[in-house]
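So the sequences go chain by chain: L and W.
Sequential numbering of the first sequence, starting at 51, is according to the working numbering.
Sequential numbering of the second sequence, starting at 51, is according to the working numbering.
We put the CB at the ideal spot given by N, CA and C, even for glycine.
I have placed the structure first, in the form of structure tokens, so that the comments after it can refer back to it.
Protein chains: 2
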Amino acid sequence: MIISKRATNMQESPIRKLAGIANKTKKQGIHVYHLNIGQPDIPTPEIFYKNINDFTGKVLEYGPSDGFPELKEAMVNYFSRYNIQLEPADIIITCGGSEAILFAFSAIADAGDEIIVPEPFYTNYNGYATLANLTISPVPTKAEEGFHLPPMPEIEKKINPKTRAIMINSPNNPTGTVFTRDEIIGLGELARKYNLFLVADEVYKEFTYDGEKHFSILELEGIEDRVIVVDSISKRYSACGARVGALISRNKDITQSALKFGQARLCPPSLGQIGAIGTYQLPPDYFKSTQAEYQQRRDVLFDILTSNKDVVLQKPKGAFYIMAKLPVDDSDNFAKWMLGEFNVNGETVMVAPGAGFYSTPGKGKQELRIAYVLGIDKLKKAGEIILKAIEAYS
Amino acid sequence: MIISKRATNMQESPIRKLAGIANKTKKQGIHVYHLNIGQPDIPTPEIFYKNINDFTGKVLEYGPSDGFPELKEAMVNYFSRYNIQLEPADIIITCGGSEAILFAFSAIADAGDEIIVPEPFYTNYNGYATLANLTISPVPTKAEEGFHLPPMPEIEKKINPKTRAIMINSPNNPTGTVFTRDEIIGLGELARKYNLFLVADEVYKEFTYDGEKHFSILELEGIEDRVIVVDSISKRYSACGARVGALISRNKDITQSALKFGQARLCPPSLGQIGAIGTYQLPPDYFKSTQAEYQQRRDVLFDILTSNKDVVLQKPKGAFYIMAKLPVDDSDNFAKWMLGEFNVNGETVMVAPGAGFYSTPGKGKQELRIAYVLGIDKLKKAGEIILKAIEAYS
Chain L
51 MIISKRATNM
61 QESPIRKLAG
71 IANKTKKQGI
81 HVYHLNIGQP
91 DIPTPEIFYK
101 NINDFTGKVL
111 EYGPSDGFPE
121 LKEAMVNYFS
131 RYNIQLEPAD
141 IIITCGGSEA
151 ILFAFSAIAD
161 AGDEIIVPEP
171 FYTNYNGYAT
181 LANLTISPVP
191 TKAEEGFHLP
201 PMPEIEKKIN
211 PKTRAIMINS
221 PNNPTGTVFT
231 RDEIIGLGEL
241 ARKYNLFLVA
251 DEVYKEFTYD
261 GEKHFSILEL
271 EGIEDRVIVV
281 DSISKRYSAC
291 GARVGALISR
301 NKDITQSALK
311 FGQARLCPPS
321 LGQIGAIGTY
331 QLPPDYFKST
341 QAEYQQRRDV
351 LFDILTSNKD
361 VVLQKPKGAF
371 YIMAKLPVDD
381 SDNFAKWMLG
391 EFNVNGETVM
401 VAPGAGFYST
411 PGKGKQELRI
421 AYVLGIDKLK
431 KAGEIILKAI
441 EAYS
Chain W
51 MIISKRATNM
61 QESPIRKLAG
71 IANKTKKQGI
81 HVYHLNIGQP
91 DIPTPEIFYK
101 NINDFTGKVL
111 EYGPSDGFPE
121 LKEAMVNYFS
131 RYNIQLEPAD
141 IIITCGGSEA
151 ILFAFSAIAD
161 AGDEIIVPEP
171 FYTNYNGYAT
181 LANLTISPVP
191 TKAEEGFHLP
201 PMPEIEKKIN
211 PKTRAIMINS
221 PNNPTGTVFT
231 RDEIIGLGEL
241 ARKYNLFLVA
251 DEVYKEFTYD
261 GEKHFSILEL
271 EGIEDRVIVV
281 DSISKRYSAC
291 GARVGALISR
301 NKDITQSALK
311 FGQARLCPPS
321 LGQIGAIGTY
331 QLPPDYFKST
341 QAEYQQRRDV
351 LFDILTSNKD
361 VVLQKPKGAF
371 YIMAKLPVDD
381 SDNFAKWMLG
391 EFNVNGETVM
401 VAPGAGFYST
411 PGKGKQELRI
421 AYVLGIDKLK
431 KAGEIILKAI
441 EAYS
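Now the structure itself:
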């Protein structure tokens with residue numbers, strides 16, 4: 051039986067594809083530090099579980115296709131803290147940020163259309179582009195420049211009649227880069243000039259360090275009808291398994307389209323939403339300790355990795371990832387080797403090879419994405435193991 | 051801003067599109083009986099909530115992309131009761147049966163390909179076909195014939211080089227029809243002869259009446275690699291809001307494709323899965339009382355509706371829907387009018403107009419889908435209101 055081209059073309063997740071090797075390694079009694087996946091170790095807030103345990107509905111019914119009104123209200127309040135004024139109708143609750151990506155792609159582009167994305171980018175954009183029959187047109191950025199955008203004319207060159215949108219992710223997964231206000235304003239101007247949508251995945255909004263502030267595309271003035279934000283509670287409130295995200299836009303055609311896609315899948319998960327209503331009511335200082343913890347982790351991992359002078363790495367300002375360029379010929383092989391054959395005192399590390407975060411063949415072959423999602427002590431050990439692995443591999 | 055063609059072409063859900071009128075009616079103090087949506091009133095099993103309340107994980111983490119192994123094991127046991135032998139690897143847990151439809155469509159067909167479906171069909175197949183850029187090629191069935199399949203040569207005529215699969219839903223939504231063993235064997239033979247996949251949505255498996263037994267396409271021999279089942283706990287265990295479904299296939303290319311699509315959206319909802327593990331461990335007789343209750347409801351509604359000799363309706367054998375052909379010119383207008391302008395002692399009924407369950411323009415215009423998801427007393431009242439509305443409308 052021949053399966054579809056899109057299924058054949060679908061890449062395996064670089065974050066999860068080494069899971070088989072990890073299982074073998076664990077069976078040998080070797081401890082694996084998981085720095086491959088953006089799974090925070092921060093406890094999910096108690097209010098999340100409390101809300102769910104307090105739920106007394108006899109029947110776990112379908113909810114509204116656009117999500118529970120109480121959750122949308124809570125999100126409107128949350129955004130108003132950032133001086134972003136939204137209406138509940140601007141928000142469509144989705145099954146994780148992932149579904150918001152699918153809905154955004156599907157609402158703005160047809161088969162064969164193009165979306166410009168700075169590269170490297172969150173690997174699952176590739177997956178959803180394949181699923182939705184779109185082409186991602188990558189704009190190269192460099193480890194040496196902290197993965198910031200190239201000059202606008204470089205991006206402009208990528209625009210053609212098939213281009214429907216520019217999409218960014220800031221704070222960025224996999225690089226940790228926080229795009230500056232000027233960079234985002236520049237992209238907004240391109241969107242206006244070339245009649246494009248501007249999509250931003252802002253799920254790491256709170257995860258910025260050294261006093262850096264995240265600038266949202268929802269703050270851009272004059273192009274409100276072009277702006278679509280992908281949002282999620284997964285990282286914000288450490289509730290990845292809840293599968294609660296959102297598509298946010300002030301363009302009614304976009305939210306109506308997302309609602310129609312949403313009706314086809316009936317509703318987002320009810321229990322996760324019931325929990326999320328509680329988390330969105332947490333006070334703003336909830337994020338302070340998390341932010342301080344991650345900043346410290348970043349510093350620890352950065353210092354360990356850059357103690358090897360051949361590692362190329364600018365200190366990232368956000369999210370909880372480092373995209374490091376290593377003195378290895380093939381980071382895919384390196385990651386497999388480290389996980390499957392290398393250990394220090396019975397411990398090793400799982401990371402995500404860089405190439406899967408690129409759509410340009412051959413790029414990212416020296417890079418690794420390392421998620422600093424473990425506490426300082428574990429992270430120090432894991433960082434030292436990576437350092438020793440680099441030495442042993444060379 | 052121009053949105054995509056697929057967003058423009060996406061139909062509104064016929065099940066939910068009258069929600070605005072319903073809200074207005076309710077604000078006038080009129081009670082609305084909701085027979086528009088397949089939302090059972092059967093309590094979600096206590097074990098579902100208990101499992102979730104007993105969950106003690108500090109962090110609600112991402113689960114495996116293919117679902118929790120414990121849930122897959124529980125499903126393997128459940129299917130073995132029906133003499134259907136599966137491996138855990140044959141099952142990919144999805145975010146509701148809806149996502150299993152999307153994954154199945156995407157794995158077997160590319161943009162422009164066709165899938166043959168007996169018409170009327172579950173409305174959201176239209177939605178997912180639009181999203182995935184496929185064409186549904188409808189095979190007409192008739193109210194007068196209880197919506198059973200036409201002779202196989204009629205279906206054969208629809209097969210062309212773009213055809214990738216035949217898809218059925220049995221027991222059927224919206225018609226309640228249970229396709230016979232012979233009908234399903236016939237479709238299996240077509241699939242083999244023309245090298246097609248055979249997809250079946252079997253989420254109403256347990257909902258069969260008058261001793262009728264559901265015959266699963268998983269029981270077909272010799273075409274195991276062509277068979278894909280869409281499954282869900284939503285109706286089986288009255289847990290629609292949990293969003294837990296499954297794609298089931300013994301074809302490894304299909305399950306591998308679904309896994310890759312699944313990796314792009316990371317994982318299905320963890321809490322719903324934790325609850326579902328419990329429900330799948332319920333004893334087989336759990337379904338007995340539900341089955342008896344629905345059979346009684348069907349009889350009550352059938353008797354009321356057919357007391358009007360102009361209503362065309364064969365007694366359906368499964369699911370919890372009746373697709374009735376009424377003596378009205380336009381069931382869309384009739385449904386809107388009944389909901390918005392008609393009431394009996396301050397009560398009215400919301401139903402789903404038939405046309406949305408067809409892809410052939412102009413078809414289903416005299417039909418209504420009525421879900422018998424309320425208890426006997428309420429259902430009697432609602433049925434009488436529909437009967438009076440038909441008289442008043444004519």
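Pair within 8 Å by beta-carbon distance, residue i and residue j
| i | j | result |
| --- | --- | --- |
| T144 (chain L) | F153 (chain L) | yes |
| L121 (chain L) | A326 (chain L) | yes |
| F370 (chain L) | F171 (chain L) | no |
| S284 (chain W) | G147 (chain W) | yes |
| P403 (chain W) | S444 (chain W) | no |
| I354 (chain L) | L418 (chain L) | no |
| F177 (chain W) | Q61 (chain W) | One detail in the question is off: residue 177 (chain W) reads as Gly in this sequence, not Phe. Result yes, Cβ atoms of G177 (chain W) and Q61 (chain W) sit closer than 8 Å. |
| D275 (chain W) | R242 (chain W) | no |
| L181 (chain L) | R348 (chain L) | no |
| I420 (chain W) | I372 (chain W) | yes |
| I273 (chain L) | G236 (chain L) | no |
| N101 (chain W) | G328 (chain W) | yes |
| D445 (chain W) | M51 (chain L) | Absent from the structure is residue 445 (chain W), since the part of chain W shown begins at 51 and ends at 444. |
| Y217 (chain W) | I165 (chain W) | The question names Tyr, but residue 217 (chain W) is Met in the sequence shown. Yes; because the gap between Cβ atoms is below 8 Å, this pair is in contact. |
| T225 (chain W) | S63 (chain W) | no |
| Y175 (chain W) | I209 (chain W) | no |
Separation of residue j from residue i, as counted between CA atoms
| i | j | result |
| --- | --- | --- |
| S288 (chain L) | I435 (chain W) | 49 Å |
| I158 (chain W) | P366 (chain L) | 42 Å |
| L321 (chain W) | V423 (chain L) | 22 Å |
| P334 (chain L) | T258 (chain L) | 14 Å |
| V277 (chain L) | L240 (chain L) | 12 Å |
| Y112 (chain L) | D91 (chain W) | 11 Å |
| P319 (chain W) | K359 (chain W) | 47 Å |
| L246 (chain L) | G196 (chain L) | 26 Å |
| A314 (chain L) | A72 (chain W) | 20 Å |
| I97 (chain L) | Q331 (chain L) | 9 Å |
| A250 (chain L) | V279 (chain L) | 5 Å |
| N59 (chain L) | P411 (chain W) | 35 Å |
Identity of the residue in the options nearest residue i by Cα
| i | options | result |
| --- | --- | --- |
| G368 (chain L) | L:I52, L:P168, L:A159, L:F229 | L:F229 |
| A484 (chain L) | L:I218, L:I372, L:D360, L:L351 | Shown here, chain L extends from 51 to 444; a query on residue 484 (chain L) therefore has no answer. |
| P190 (chain L) | L:Y244, L:N183, L:G196, L:P200 | L:P200 |
| A442 (chain W) | W:A421, W:F392, W:K108 | W:F392 |
| I141 (chain L) | L:A182, L:V126, L:R131 | L:V126 |
| E397 (chain W) | W:H84, W:G70, W:A57, W:K67 | W:H84 |
| K430 (chain W) | W:G88, W:K415, W:V399 | W:V399 |
| R131 (chain L) | L:E269, L:G295, L:I186, L:F118 | L:E269 |
Buried versus exposed, by CB contacts within 10 Å (16 or more), residue i
| i | result |
| --- | --- |
| R293 (chain L) | buried |
| D281 (chain W) | buried |
| S339 (chain L) | exposed |
| K310 (chain W) | buried |
| Q135 (chain L) | exposed |
| L255 (chain L) | Correcting the residue type first, residue 255 (chain L) is Lys in the shown sequence and not Leu. It is buried - the Cβ of K255 (chain L) has at least 16 other Cβ atoms within 10 Å. |
| A215 (chain L) | buried |
| E252 (chain W) | buried |
| G70 (chain L) | exposed |
| A342 (chain L) | exposed |
| T106 (chain W) | exposed |
Residue-level contact to chain A via CB, residue i, 8 Å cutoff
| i | result |
| --- | --- |
| S409 (chain W) | Looking at the structure shown, chain A is missing, and the protein chains on hand are L and W. |
Which residues, taken in chain order from the stretch 109–122 of chain W, show a beta carbon closer than 8 Å to some beta carbon of chain L? Against chain L - using a Cβ distance shorter than 8 Å - the residues of the stretch 109–122 of chain W are V109, L110, E111, Y112, G113, S115.
Using a beta-carbon distance cut-off of less than 9 Å, what residues from the stretch 223–244 of chain W approach chain L? Taking 9 Å as the upper bound on Cβ-Cβ separation, chain L lies near no residue of the stretch 223–244 of chain W.
Give me the subset of the stretch 277–301 of chain W whose CB atoms are less than 7 Å from a CB atom of chain L, sorted by chain position. Correct list: S288, A289, C290, G291, A292, R293, N301.
Between the stretch 172–200 of chain W and chain L, which residues of the former have CB atoms less than 7 Å from a CB of the latter, in chain order? Residues of the stretch 172–200 of chain W that bring their beta carbon within less than 7 Å of a beta carbon in chain L comprise N174, G177, Y178, L181, N183, in sequence order.
Under 9 Å, CB to CB, which of the residues in the stretch 81–102 of chain W have a partner in chain L? Residues passing the 9 Å Cβ filter: I87, G88, Q89, P90, D91, I92, P93, T94, F98, Y99, I102.
Against chain L: residues of the stretch 324–343 of chain W by CB proximity under 7 Å: Result list empty, no residue passes.
Proximal residues, the stretch 204–219 of chain L versus chain W, C-beta separation under 9 Å: Cβ contacts with chain W: R214.
For the stretch 416–436 of chain L, which residues have a CB atom closer than 8 Å to at least one CB atom of chain W, in sequence order? The residues in question: there are none.
Closer than 8 Å, Cβ to any Cβ of chain W: which residues of the stretch 155–170 of chain L, in chain order? So the list reads S156, A157, I158, A159, D160, A161, D163, given in the order they occur along the chain.
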